[in-house]
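Trainee: Take the sequence shown: its letter number 345 is residue 373 in this note's numbering, and every next letter is one higher.
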Amino acid sequence: MCFDSAVLARIKRSGAVFLSLLASGLSLSAATNATKISPDKFAPVSADHELASIWNDPDFAKRMIGSYGFASDVEPRMQPEEQLIYRQKVVPALTNSDPKKVISILQGLIKPNASAVFDFTLGNVYFQNENLTNAVKHFEVALAKYPDYRRAQKSLAFALVRDGKYDAAIKPLTRTIALGGGDSKVFGLLGFAYMSQQRFASAAAAYQQALVFEPENVDLKLGAVKCAISTANYDYALALLEELIRLHPERDNLWALQANIYIQKEQPAKAAITLETLRRLGKATPQNLYLLGDLYMAQEAPDLALMAYLEGLDKDGGQNLAKALRPAQILVSRGAWEEARQLFARLRSAGTLESADELKLLKLEAKVAMSTGAGEEAIKVFERIIERNPLDGEALLLAGDYYAKNDQREKAEFRYDTAAKLQGFEADAFVKHAQLLVQKQKYVQAAELLHKAQKARPRDNVQRYLEKVEQMARSGRS
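(1) Take F228 and list the residues in its own chain whose beta-carbon comes closer than 7 Å to its own, dropping the five residues that flank it on each side.
(2) Find the nearest neighbour of L207 within the set G136, P175 and R374, judged by alpha-carbon distance.
(3) For the candidate residues K470, Q463 and Q469, whose alpha-carbon lies nearest to that of A481?
(4) Measure the alpha-carbon distance for E476 versus G421 and round it to whole angstroms.
(5) Is it right to say K483 is buried, meaning 16 or more other beta carbons lie within 10 angstroms of its own, or is it exposed?
(6) Check the C-beta distance from L419 over to L450 and give it rounded, since I have them as a contact under 8 Å.
(7) On the CB-based measure, 16 or more other CB atoms within 10 Å of its CB, does V466 come out buried or exposed?
(8) For a quick check, are the C-beta atoms of A312 and Y324 less than 8 Å apart?
(9) Less than 8 Å between the beta carbons of L150 and H166, yes or no?
(10) I need the boundaries of the alpha helix (DSSP H) containing M398, first residue and last residue.
(11) Take the Cβ of V240 as the centre, count every other Cβ of all protein chains shown within 10 Å, and call the residue buried at 16 or more, exposed below.
(12) Within the chosen definition, does the stretch 303-319 reach the stretch 271-287 through at least 3 CB pairs nearer than 8 Å?
(13) Rounded to the nearest angstrom, what separates K351 and D456 at their Cα positions?
(14) Is the beta carbon of A373 sitting closer than 8 Å to the one on G346?
(15) Are there 16 or more other CB atoms within 10 angstroms of the CB of E438, so buried, or fewer, so exposed?
(16) Give me, in chain order, the residues of the same chain whose beta-carbon lies closer than 8 Å to that of M29; leave out the 5 immediate sequence neighbours on both sides.
(17) Between which two residues does the alpha helix (DSSP H) holding L317 run?
(18) Quick check: the Cα distance between N141 and N157, rounded to an integer number of angstroms?
(19) What does the alpha-carbon distance come out to for the pair A170 and S74?
(20) Leaving out five residues before and five after G209 in sequence, what residues of the same chain have Cβ atoms less than 6 Å from its Cβ?
(21) Just to confirm the assignment, what range does the alpha helix (DSSP H) spanning L477 have?
(22) Which same chain residues end up closer than 8 Å to L390 when comparing Cβ atoms and leaving out the 5 residues on each side of it in sequence?
(23) Between S143 and the rest of its own chain, which residues show a CB-CB distance below 6 Å, the 5 nearest in sequence each way excluded?
Structure (structure tokens):
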């Protein structure tokens, strides 16, 4: 099957942007105005957050709330009188779910020589009520008293992650693991923290350890997939995705991610098959459908591309008409005139474009008209565009092309001269004007313009043309 390399390169660039965006982390910063201790929540995050499935998991919350207890092998000791006070005052206050009362009691118990358990417990109360600054402060005090306090290391790490301070969380997370506290959540958050710092190899190792504890956890596998993508380990990423898709075929983001990885591996046919599957499941987004259309264009199948583009436009419901201009540009650039006309018609019936986008569509329509023998119609459109925007370099060049083709050289030269004064259009304008001069055998003047074109934007083909023109000028035919 034949693929167009230029279209594939464009698709691959857009896919790389998608993947890099996907691999980036999100902030976990939260408010600090909770009013009571909840028995089933622990500083929850919003439902749309990337870590919501971990942080808002009831089991995770139970473990965090359970951290008010003790683990004797990695705990600071409490004096008998401290144990008595803890049982008689702190525990009843904790079960009373009144954070102000708990805080007041614990603040009265915290002293330089008192057990670090009191500092840690106060930190946990602040943490559960989303007062992250004070939570971190008291966890750090507890660790200053007892550096190997595993629960304090873990809670400090989690509080820093919860506050979006991922870099700072790495040290207490690794210390927690060294103290024997590694589990799926600790390793998973460590992977997330490493990812946020673009330490992808370290993140991959952390996610792999997390999967040892929870091999079926979708979010941990997705974390591992993102690491593999970031290190261009696409085969491993695809292997993980195949497992996930087999278990969760209803998750459209998995299919879209798989398609983009195939694009990065320069396997557009497989990417198209993946997106077609997503399409037939009824879960393809407009962006998925536009990408599918691009892949069909790369396979030189404009009829299939048009179907995908039109479906994407319909599914969008006229909300983002400007995005459909890019597929229209691809159809025009590939000479798919009839398909382009159909997309133009659907675009116009879908809604009203912004002024700048309307000009882009007019220009595309005029290009098709000029390429299909309707030059008189096209030049009217180009002149309308120039009237509305005299600095539209592309319209000036296209108008010049029409006039040059129809032996209206003065008008053509005028349009080329105007375009040559616009940044980004100088080189093409000089070349086109030079070609007119060559037709009139004005080789010396043409060579001067070609030199200007090369100065503006050097190109091998223009250099070869310049050398031929100079040769004709030297032969005395100027």
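All C-beta atoms, glycine included, are put in the ideal place defined by N, C-alpha and C.
Mentor: Taking the geometry as given:
(1) C255, S258 and T259
(2) P175
(3) Q463
(4) 21 Å
(5) Classification of K483: exposed, given that the 10 Å Cβ count is below 16.
(6) 6 Å
(7) buried
(8) no
(9) yes
(10) For M398, the uninterrupted alpha helix (DSSP H) segment begins and ends at S383 to S399.
(11) exposed
(12) yes
(13) 27 Å
(14) no
(15) exposed
(16) Confidence at M29 is low in this model, with a pLDDT of 49, below 50, so the placement of that residue should be treated as unreliable; the coordinate-derived value is given next. The residues are A297 and Q327.
(17) P314 to A326
(18) 27 Å
(19) 29 Å
(20) R178 and K182.
(21) Taken as a continuous stretch (DSSP letters only), the alpha helix (DSSP H) holding L477 covers Y471 to A484.
(22) Taken in chain order, the residues that qualify are V409, R412 and I413.
(23) P104, M106 and E110
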